[in-house]
Structures are given as structure tokens and as C-alpha cells.
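In our numbering, the protein residues as written are 536 to 986. Positions of the beta carbon are idealized from the N, C-alpha and C atoms, including for glycine. Please read these numbers as outputs of a predicted model, since none were measured by experiment. Take a look at the structure below.
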Amino acid sequence: MDLFQHIRLFFSSQYANERFMMGEETDIGKEMYRLMTELYPICRSITGNGVRETLRIMKSHIPLKIHEVPTGTQVFDWTVPKEWNIRDAFVRNSEGEKIIDFTKSNLHVLNYSIPVEKKVSLTELKKHLFTLPEHPEWIPYRTSYYSENWGFCMSHAQYLQLREDEYEVVIDSSLEPGSLRYGEYRIQGETDREILISAHICHPSLCNDNLSGAVLAVFLAKALSRTRLKYSYRFLFIPGTIGSITWLSLNAQNVSKIKHGLVAACDGDSGRFTYKKSRQGDAEIDRAVINVLRNSGGAYDVTDFIPFGYDERQYCSPGFNLPVGCLMRTPHGCYPEYHTSADDLELVRPECLEESLSIYSDVLFVLENNARYLNQNPKCEPQLGKRGLYQAIGGQQGGKSREIAMLWVLNLSDGNNTLLDISDRSGSRFALIKEAADLLARNGLLRECGE
Ligand code: ZN
536 MDLFQHIRLF
546 FSSQYANERF
556 MMGEETDIGK
566 EMYRLMTELY
576 PICRSITGNG
586 VRETLRIMKS
596 HIPLKIHEVP
606 TGTQVFDWTV
616 PKEWNIRDAF
626 VRNSEGEKII
636 DFTKSNLHVL
646 NYSIPVEKKV
656 SLTELKKHLF
666 TLPEHPEWIP
676 YRTSYYSENW
686 GFCMSHAQYL
696 QLREDEYEVV
706 IDSSLEPGSL
716 RYGEYRIQGE
726 TDREILISAH
736 ICHPSLCNDN
746 LSGAVLAVFL
756 AKALSRTRLK
766 YSYRFLFIPG
776 TIGSITWLSL
786 NAQNVSKIKH
796 GLVAACDGDS
806 GRFTYKKSRQ
816 GDAEIDRAVI
826 NVLRNSGGAY
836 DVTDFIPFGY
846 DERQYCSPGF
856 NLPVGCLMRT
866 PHGCYPEYHT
876 SADDLELVRP
886 ECLEESLSIY
896 SDVLFVLENN
906 ARYLNQNPKC
916 EPQLGKRGLY
926 QAIGGQQGGK
936 SREIAMLWVL
946 NLSDGNNTLL
956 DISDRSGSRF
966 ALIKEAADLL
976 ARNGLLRECG
986 E
């Protein structure tokens, strides 16, 4: 079964019995992992050719529109920075040996380093070196976007072996007027009301933060583009912070169309799911994600909004206050490999990417199908048996839970409760509640309320 068949099945109302993957072997996780493997070697930053190349590869999966915003453009309180590009970088000892080599790992260079070419003493070199003493084999990932600096990152084990010498340092980079690039893909649904999925694409060779979120968003977009949808969807692939600020600045007049949103990040490790609520805290997206996680059968965490983290900070800034949460597995900063060379292709697993995609799909299923209904026979229970509804249920596996779901739907469909309310209150999975509502509606016992 391919991805599109899954999603079609998934978005059909008949689908309540099994979860997304239905226990079948699929290749979706492997396909996601393959895209991650292709993107992994690229040296990305908030601007520059790495982002360009990344968007180009993503464009072979989904028809991204690529925007270019010139350096110097004022975006709220920020300014689009100069464009950074790098060709090579190394530190060479007096014996001509490259002891740090950018071509071996792009994490070796302080991201956004200004160009440099000079000879330095060990003391001078050390002022520009970054290491992780607590994980001596790993290379840290460090950036200096908004203050001009140069530097190298290396393993602490190697650092300890450095000896007095005259070192040649070369960073063949450029920091010049250019542009900030981001990718956008909008899928038109039956209404103009939008669901925003945002992923950052500014980290170099790092997998969980941040390629996992970007890859997940690509596959979600790919699947949704072939699915009949109530909402329109907007996917953003942007450099962190400055990208969301830039997008919000250029699109401020349209953001009221965004009814729900998720920032996708850290979605490929094997840790439990963590949902960071929107600033609103009780938005439909918050309730939908928590409902799905509660019914997923796995352990999960829910945290309140805090004004640091990923781009939800900008979407949830008080001037916008959009209902946008962040759905992760292990959060940024909470796993030791975070922002180090150990956040690599080993840390992220295909089956974890696939499971994350399925949880995202479950959340969208809730949003797509959440509605209020009115019981057409509200005075005492309708006689289900004479309509064949007991029979219709009884023959199926899990008939009892379906029967109970129908009774909940009938009882709470007074025009005030949504199907999500009913799922929460009954403890029945949303898909089961939705299926019960469809069955009752087909039998004239329920009518969907207008928006
Ligand atoms: Zn990060």
C-alpha cells in the first residue's frame, strides 16, 4: 500500500478500526529516511546555497514555491541578513596536515563565520575553538548569525591533543548582500480556512533537529495533495526565527485564515511524543493533539507554551497569537545529541519518522472531521434495533465499543458539543466517534450543524 492509499484510507470516514499503518509493512518510513539521507550532507544556514539546494531537492517531491527576500529588507524589528556561503575551511598545522577539515564535517565551521585566512598561535586559535568536554568525541554545532565572528568546532578529545604550533586558518566563506530563501506550498481545500505546517531548514548536517521535521512535512504535503480536504493547507520550509518573522511580516494581512497550526521538529528519534501547546493553550489544535496522543497507546508529554523554542514563538507572539503548537518527540535540548555531530543518521530511525507521520495524520483527521451534530430524535433514545443499527454493529469486531460510541454521540449531539468534545468526554477514539456519527447521520438520526 503506498502513501497515498494510506492517507486516502485514513481520511475516509470508514476508517476507525485500525490506526494509520494498520500493522502492515510499509516503505513510508524508509522513503522519509532516504530523503533525509539525501539532505544530510548539505551545509545549510539561515541563508545561502545550502537552503537553495535543500529546497531544490524538496521540490522534486512537492511543487514548492521558492521565495527570495533581499538582504536589508526590514521585517518587523529585524532585518534580512547578508547571505552566507562557504566553499571550504580548514586549520592546518606547520607540517601541512589539516587537523580540522570542513569537507569532513560541515559542523566544523562556526555557522556564519566571516572569511579568514591567517596564521595564528595556539593561544589565538583556542579563542576561536568550540568543544563539548562532556561528550569528548562529538563536534558541537555553533552559530554566530547576528554578530560577525569566525570559529571552528571540534571534538574535545582532539582539542586536548593540540600542541604549540603556528596554525594556518582558512575559512573561504562570503557574507554579502543576497537574499533569504524559503519554500512555501499551499494546497487548496474546500474552504479557505488554513492549517499551517511549519518546519525550519537552516541546520547543516543535523538530523533530528531539524531534518526530521522538514522531511515529515514534505511527506505530509505530498500525501495531502492527493486527498480531498476541508481545510486548505500551507506548508512553510523556512530558516528558523528570521524565516517565520519574514513570512509573518510579508503575510500579516492573511494570517487570520490560519485556524490551526503545527511546528514540526525533532520528529525522528525514538523518544516519546511531546506536545508544546499554543500560547492560547486550549485551542482546537491543542485539544486535537492531546486527544490523539491520549489514544495512541504510547507514553507522551504535554507542556505549556513557553516563549522560547522553535518558530511557534513568532506565530504565538502577542500581535498574532495564532493557534500553533509544536509536536515533537524528544524536545530540543532534552537529548544529549542535540546540536552535536551525534544528531546524525543513526539517531533518527525510519520507523520513528513513520510513526510521527501517522500521529500528524491522526491530528489532521480530527481537525478535518470535527463538527457539531444535532440529534434528530432527542426525546429518549431512538430504537436502534429496528433500524438495523445493532445488527450493523454487532457483526463487527469491537461492536460493543461502537454501540457505546453511538450512544455517546446521540446523547451529546445537542448542537453544543463537537465530535472532539464527545471523544474527550467518552474516552472513545475520535475515529470511532466519527464513524458512529456517520452511521447515525446515514440513518437520519443525526444532522450536521452548519458552521
Ligand atoms: Zn536547532
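query: Near Leu645, what residues of its chain come up, given a Cβ to Cβ distance below 6 Å and the 5 sequence neighbours on each side ignored?; result: Arg677, Ser679, Gly686
query: Whole alpha helix (DSSP H) runs in the segment 665-693 with 4 or more residues, listed along the chain?; result: none
query: DSSP three-state call for Thr865: helix, strand or coil?; result: coil
query: Below 8 Å between beta carbons: does that hold for Phe772 and Arg864?; result: no
query: Let me know the secondary structure DSSP gives Tyr873 once reduced to three states.; result: coil
query: Tell me the rounded alpha-carbon separation between Asp804 and Gly920.; result: 48 Å
query: Go ahead and pull the three-state DSSP assignment for Leu755.; result: helix
query: Using C-beta distances below 6 Å, list every residue in its chain close to Arg977, excluding the 5 sequence neighbours before and after it, in chain order.; result: none
query: Between Asn641 and ligand 1, is there a pair consisting of the residue's CB and a ligand heavy atom that are separated by less than 7 Å?; result: no
query: Buried or exposed: which applies to Glu652, given that a residue is buried once 16 or more other Cβ atoms fall within 10 Å of its Cβ?; result: exposed
query: Helix, strand or coil for Leu731, going by three-state DSSP, please let me know.; result: strand
query: Any heavy atom of ligand 1 closer than 7 Å to the Cβ of His738?; result: yes
query: Given Arg814, which residues of its chain have a CB within under 7 Å of its CB, disregarding the five upstream and five downstream residues?; result: Phe840, Cys851, Asn856
query: Per DSSP, Phe770 is paired with what?; result: Tyr720, Ile732
query: List the whole-angstrom C-beta distance separating Met689 from Leu664, where the pair is believed to meet the contact cut-off of C-beta under 8 Å.; result: 6 Å
query: Work out the CA separation of Val704 and Ile621 for me, nearest whole Å.; result: 14 Å
query: Figure out for me which residue from Asp956, Leu797, Glu729 has the closest Cα to the Cα of Lys765.; result: Glu729
query: Can you tell me where the beta strand (DSSP E) holding Pro605 begins and where it ends?; result: 600-605
query: Beta-carbon within less than 6 Å of Trp673's beta-carbon, same chain only, minus the 5 sequence neighbours each way: which residues are those?; result: Leu667, Thr875, Ser876, Ala877
query: Ignore the nearest five residues each way along the sequence and tell me which others in Glu553's own chain have a CB closer than 7 Å to its CB.; result: With a pLDDT of only 42 at Glu553, under 50, the local geometry of the prediction cannot be trusted, and no value is derived from it.
query: Just to confirm before moving on: does the CB-CB distance between Arg579 and Pro739 stay below 8 Å?; result: yes
query: Kindly examine ligand 1 and report whether one of its heavy atoms sits closer than 7 Å to the Cβ of His691.; result: no
query: How is the beta strand (DSSP E) around Ile621 delimited, first residue to last?; result: 618-627
query: Would you mind reading off the limits of the alpha helix (DSSP H) that contains Asn786?; result: 777-786
query: If you follow the alpha helix (DSSP H) that Lys969 is in, where does it begin and where does it stop?; result: 965-977
query: With DSSP collapsed to three states, give me the class of Arg982.; result: strand
query: Which residue marks the beginning of the beta strand (DSSP E) containing Ser656, and which one marks its end?; result: 651-656
query: At a cut of 8 Å, does the segment 751-759 reach the segment 565-577 through at least three beta carbon pairs?; result: yes
query: How would you write the range of the beta strand (DSSP E) that Gln907 sits in, first residue to last?; result: Note that residue 907 is Arg in the sequence shown here, rather than Gln. Taken as a continuous stretch (DSSP letters only), the beta strand (DSSP E) holding Arg907 covers 907-910.
query: In or out: Ala787 buried (at least 16 other Cβ within 10 Å) or exposed?; result: exposed
query: Below 8 Å on the Cβ atoms is my guess for Asp879 versus Cys737; work out the distance and round it to an integer in Å.; result: The Cβ separation is near 17 Å, so there is no contact.
query: Since Ala823 is in the alpha helix (DSSP H), which residue starts that stretch and which ends it?; result: 819-829
query: Can you name the start and end residues of the beta strand (DSSP E) that Phe808 belongs to?; result: 808-811
query: For Thr582, name the three-state secondary structure that DSSP assigns.; result: coil
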